[in-house]
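Trainee: Keeping their order, the protein sequence lines are chains A and B. All residue numbers for the first sequence refer to the numbering used here, where the first residue is 921 and numbers rise by one. All residue numbers for the second sequence refer to the numbering used here, where the first residue is 4 and numbers rise by one.
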Amino acid sequence: MTPLARGGAVGAALVAAMVVPLATPSPYALSIVTLTLLYGYLALSWNIIGGIGGQLSLGHAAYFGIGGYASTLLFVQFGVSPWFGMFAGAALAALAAALIGYPCFRLRGAYFALATLAAAMILKIAVENSHGLLGGPRGLEVTLLRDAPLQFQHTRKEFYYAVVVVMLTIALSINYLLLRSRLGFHLVAIRNDQDAALALGIDITRSKLAAAMLSAALTAAGGTFYAQFVMFISPDKVLSANLSVQIAVMCIVGGRGTVFGPLLGALLLLPAEEIARRALGGIVGADMMLYGLLLMIVMRREPRGVQRILRDLWNRTGAPRSVNAG
Amino acid sequence: MSALLEVRRLAKQFGGLSAVEDVSFAVETGEIVGLIGPNGAGKTTLFEMASGFQRPTRGEIWFDGTRIDRLSTPAICARGLARTFQIVRPFGDMTVLDNVIVGAFMRAPSPKMARAHAATILAQVHLAGRCDQVARTLTLADRKRLEMAKALATGPKLVLLDEVMAGLTRVETDEIMEIVRALPRAGVTILMVEHNMHAVMGLSDRVIVIHHGRKIGEGSPAQIAENPAVVAAYLGGRDDADA
Ligand SMILES: Nc1ncnc2c1ncn2[C@@H]1O[C@H](COP(=O)(O)OP(=O)(O)OP(=O)(O)O)[C@@H](O)[C@H]1O
Ligand SMILES: [Mg+2]
C-alpha cells in the first residue's frame, strides 16, 4: 500500500470511529470522548511548533487560557458571540506567542522550555491577581442561555462533540498540509540542525515565529471551546503548568512531528488518566505520575512514539515494507 | 569584468589567535579554484566568513557585485553563494530527497517544483537511487554527496566545498571529482578546500595556498607544486605523501 493510500485508509477509519460515540446513551461517556478529542486537537496544535519545529514549549496553557478568557470576557461583558470571540482569542494568542517567542527563540533546548514555562506562570499569576475584570482565582462563568448554538452553547453534548470533531479535522488537515509545505520543510530542517538549515537560506526566526503563532492561535481556539463546554473557566483549570505538560507529553508519546501521532497520544493517555483517577481516587498528582511513567516507558522503547511502534508492527505483518519516513 | 568572489585583506582573530591574516584573492566565474594549506591554516574560517557564519575582524568580501561580509547567512545564500560543511550535516530524520528539497525551496515556488528540482540534483550527484533512504543511515561517501546536493539545490552561482573528499576511497574520490568537474558547465563556480593533492591538482584551474592564516602562494597546479614556500610549508606540516 502506498503511504497515501494508507493515510486515506487511516483517515476513513477515523471518520467511521467518530460516528460511533454518538450511539452511546451516556452523556458522561460522550463528555469523556469529547474531552479526549479536545486534547487530541491541542496536541496537534502543539505539534506545529513542538513536534514539527522541535521547539519544546512548556507554556501552551498560556495560549489555551488566553483563548478561553478572551471569548468569555467578550461574551459576558459585551455580548459578543464566542464564535467571534474564538477568533479574537486566537489573534491575541498569536500575538502573545510572537512576544514570548521572539526573545526566547535564540535559546536552545531546555532553556527555551524553561522560558516558555516561566512566561505561562507569569500569565497565570497575573490573572489570579486581576480580581475585577477576570475574576481572580475564582474565574469566570459563561452566562447560561441553554440552547443557543449561535452563542456556542447547547444543553446537548452532541453539539460539542460535533464541534470538536470539526476542529480536530481542521487541525489534522493543517498538520498534513504543513508537512508538505515550504514552511514545514523548513521547520523539520530546523529541528534537525539549525546551522545546516541556516546555510540553506532558511530564516530561522521567521519560520519559528510563524509556527509558534499558528500553534498558539489553534490552541486558543481550543480554550474557547473548553470554556463553552464547561461554561466556566479559572486559572487553575486553563492556565496551569500541568496542562502545558499534558499537551506536550501527549504529542511526544504519540509521535511528535507526525500527523496522527499527537491524536494517538491523546487517545491513549486521556482514557488511561481517567481510569487511573478512578482507581487511585484521591491521590493528588496521580495523573502527573502516570504521565511521567508512560513517557518514560514509551521513550525507552521508541523515541519516535507510539505511532512508530504501530507503524513498524503494521509493516512487519501486512503490506510490503515502505522505507519512506514521511 | 569583475570577479565573482573577491576577498580583500581579510582577517579573523579568535581572542589572541590570528586564524586568518591579510588574505586577498579573487575567483572568476566558471573557475574551479583550490584552497589548500596545512591543518589549522584558516581555510574553514575563510569559508565561515564568506558564508556569513563568522564576521571578519578586518577586510571585505565581495560577491557578484555586492559586499556580503555584513549580511546574514540566509541573505548570502539567497544571492547565490552556498557552502558545504567539513563535518557533514545531513538532516538525519529526513529522507535524502527531503533533505535536498529543503535546499530546493530556496528558488522553487511550489513544493512540486522543489521536488522535481531536488530529483534533478540528486541525479547529478549520483544519489538518485537513495531518494527514500533516511539520511542518518547513509555511508560517509553518500553523506558527502548529499552535503553537495543540498548546497547545489539552492541554485548557487558559487559553491564552497570544504573537504568533500576527505575520508573517501580512491574510487569514491574519483566519482566525486567527476561530479565537481562537471559543475562549471552547469553554471556553478567552485572554490574548494581539499587535502587530497591528487584531487586538487587534477581539478583546479588555479590553487591558492594559505599557511598560519596568511596566503603564501597562488598559481596553476604546476606552479604551486614547484613553489618553494609551499613545499616548505607542507614538509614542515602535514604529510600528504599518499595523495
Ligand atoms: N570558533 C573558533 N574559535 C576559536 N578558534 C577557532 C575557531 N574556529 C577556528 N579556530 C582556530 O582557527 C585556526 C584555523 O582553523 P580552521 O578551522 O579555519 O583551519 P583549517 O584550515 O580549516 O584546518 P583543517 O584542515 O584542519 O580543517 C585554528 O587554529 C583553529 O583552532
Ligand atoms: Mg577546515
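All C-beta atoms in this analysis are idealised placements derived from N, C-alpha and C, irrespective of residue type, glycine included.
Express the C-alpha separation of Ala1141(A) and Tyr983(A) in angstroms, rounding to a whole number.
Mentor: Each residue's alpha carbon lies about 9 Å from the other.
Trainee: Return helix, strand or coil for Gly928(A), following the three-state DSSP convention.
Mentor: Correct three-state label for Gly928(A): helix.
Trainee: Going by C-alpha to C-alpha distance, which of Val210(B), Pro59(B), Ser54(B), Val99(B) sits closest to Arg12(B)?
Mentor: Closest by alpha carbon: Pro59(B).
Trainee: Please check if any C-beta of chain A sits within less than 8 Å of the C-beta of Lys153(B).
Mentor: Chain A, which has a Cβ nearer than 8 Å to the Cβ of Lys153(B), makes this yes.
Trainee: Taking 7 Å as the limit, tell me which residues put their C-beta closer than that to any heavy atom of ligand 2, in chain order.
Mentor: Listed along the chain, these residues meet the criterion: Lys46(B), Thr47(B), Gln89(B), Asp165(B), Glu166(B), Val196(B).
Trainee: Using a beta-carbon distance below 8 Å, is Ile1090(A) in contact with chain B?
Mentor: Chain B contact via Cβ: absent.
Trainee: Relative to the C-alpha of Val196(B), which residue among Ser113(B), Met204(B), Gly190(B) is closest?
Mentor: Cα-wise, what sits closest to Val196(B) is Met204(B).
Trainee: Can you tell me whether DSSP reads Glu1222(A) as helix, strand or coil?
Mentor: Correct three-state label for Glu1222(A): coil.
Trainee: Within 10 Å of its beta-carbon, does Ser5(B) have 16 or more other beta-carbons around it, so buried, or fewer, so exposed?
Mentor: Classification for Ser5(B): exposed.
Trainee: Can you tell me whether DSSP reads Gly158(B) as helix, strand or coil?
Mentor: Reduced to three states, the DSSP call for Gly158(B) is coil.
Trainee: Starting from the Cα of Ser1093(A), find the closest Cα among Lys1128(A), Phe1180(A), Gln1166(A), Pro1223(A) and give me that residue.
Mentor: The shortest C-alpha separation from Ser1093(A) is found at Phe1180(A).
Trainee: Measure the beta-carbon distance from Gly1143(A) to Ile986(A) and round it to whole angstroms, keeping in mind my assumption that it falls under 8 Å.
Mentor: The Cβ separation is near 7 Å, so the contact holds.
Trainee: I want to see whether chain B comes within less than 8 Å of Val1108(A), judged by CB atoms only; does it?
Mentor: Yes, contact with chain B.
Trainee: Any Cβ of chain B within less than 8 Å of the Cβ of Asn1112(A)?
Mentor: Yes, because at least one Cβ of chain B sits closer than 8 Å to the Cβ of Asn1112(A).
Trainee: In angstroms, rounded to a whole number, what distance separates the CA positions of Asn1244(A) and Leu1097(A)?
Mentor: Since pLDDT at Asn1244(A) reaches only 44, below the 50 mark, its modelled position is unreliable, and the value read off the structure follows with that caveat. Taking the straight line from one Cα to the other gives about 17 Å.
Trainee: Between which two residues does the beta strand (DSSP E) harbouring Met195(B) extend?
Mentor: First-last of the beta strand (DSSP E) with Met195(B): 192-196.
Trainee: Can you say whether Asp242(B) is buried or exposed, counting buried as having 16 or more other CB atoms within 10 angstroms of its CB?
Mentor: Unreliable placement is indicated for Asp242(B), whose pLDDT of 45 sits below 50; the coordinate value is still reported in the next sentence. Per the 10 Å Cβ criterion, exposed.
Trainee: Please classify Gln226(B) as buried or exposed, where buried requires at least 16 other C-beta atoms within 10 Å of its C-beta.
Mentor: Result: exposed.
Trainee: Which residues in chain B sit within 7 Å of Ser1101(A), going by Cβ to Cβ distance?
Mentor: Chain B residues near Ser1101(A): Pro114.
Trainee: For Arg82(B) and Thr69(B), which I take to be in contact (beta-carbon distance under 8 Å), what is that distance rounded to the nearest angstrom?
Mentor: About 7 Å separates the two Cβ atoms, so the contact holds.
Trainee: Any residues in the stretch 63-79 of chain B with a beta carbon nearer than 7 Å to a beta carbon of chain A? Which ones, in chain order?
Mentor: Residues Thr76, Pro77.
Trainee: Could you tell me if Ala228(B) is buried or exposed, where buried requires 16 or more neighbouring beta carbons within 10 angstroms of its beta carbon?
Mentor: Its Cβ having fewer than 16 others within 10 Å, Ala228(B) is exposed.
Trainee: Along the stretch 1118-1132 of chain A, what residues have a CB closer than 7 Å to any CB found in chain B?
Mentor: From the stretch 1118-1132 of chain A, only Leu1118, Ala1119, Leu1120, Gly1121, Ile1122, Asp1123 have a Cβ closer than 7 Å to chain B.
Trainee: Which one of Leu1184(A), Leu1159(A), Pro947(A), Ala1196(A) has the shortest CA to CA distance from Pro1057(A)?
Mentor: Among Leu1184(A), Leu1159(A), Pro947(A), Ala1196(A), the Cα nearest to that of Pro1057(A) is on Leu1159(A).
Trainee: Just how far apart, CA to CA, sit Ala232(B) and Gly220(B)?
Mentor: The straight-line gap from Cα to Cα measures roughly 7 Å.
Trainee: For Asp1249(A), which residues in chain B fall below 9 Å Cβ to Cβ?
Mentor: In the structure as shown, chain A starts at 921 and stops at 1246, and residue 1249(A) therefore has no counterpart that could be examined.
Trainee: So what's Phe94(B) in DSSP terms, helix, strand or just coil?
Mentor: It is coil, neither helix nor strand.
Trainee: Identify the contact partners of Gly83(B) in chain A, using a Cβ-Cβ distance below 8 Å as the criterion.
Mentor: The contacting residues do not exist; Gly83(B) stays about 10 Å from chain A at best.
Trainee: Does any C-beta atom of chain B lie closer than 8 Å to the C-beta of Phe1180(A)?
Mentor: Closer than 8 Å: no.
Trainee: State yes or no: is the C-beta of Ala138(B) within less than 8 Å of the C-beta of Phe88(B)?
Mentor: For Ala138(B) and Phe88(B), no; Cβs fall outside 8 Å.
Trainee: Using 10 angstroms around the beta-carbon of Ser223(B), count the other beta-carbons present and answer buried if the total reaches 16, otherwise exposed.
Mentor: Classification for Ser223(B): exposed.
Trainee: In terms of alpha-carbon separation, which member of Gly18(B), Gly33(B), Leu8(B), Leu20(B) lies closest to Phe50(B)?
Mentor: Comparing Cα positions, the closest option is Leu8(B).
Trainee: Only counting the same chain, and skipping five residues up and downstream in sequence, which positions put a Cβ closer than 8 Å to that of Ser1154(A)?
Mentor: Correct list, in chain order: Gly1055, Pro1057, Arg1058, Gly1059, Leu1060.
Trainee: Do Ser207(B) and Gly37(B) have their C-beta atoms closer together than 8 Å?
Mentor: A contact, by the Cβ cut-off of 8 Å.
Trainee: Do Thr176(B) and Met168(B) have their beta-carbon atoms positioned less than 8 Å apart in this structure?
Mentor: Cβ atoms of Met168(B) and Thr176(B): closer than 8 Å.
Trainee: Do the CB positions of Met1170(A) and Leu1189(A) come within less than 8 Å of each other?
Mentor: Yes, the Cβ-Cβ distance between Met1170(A) and Leu1189(A) is below 8 Å.
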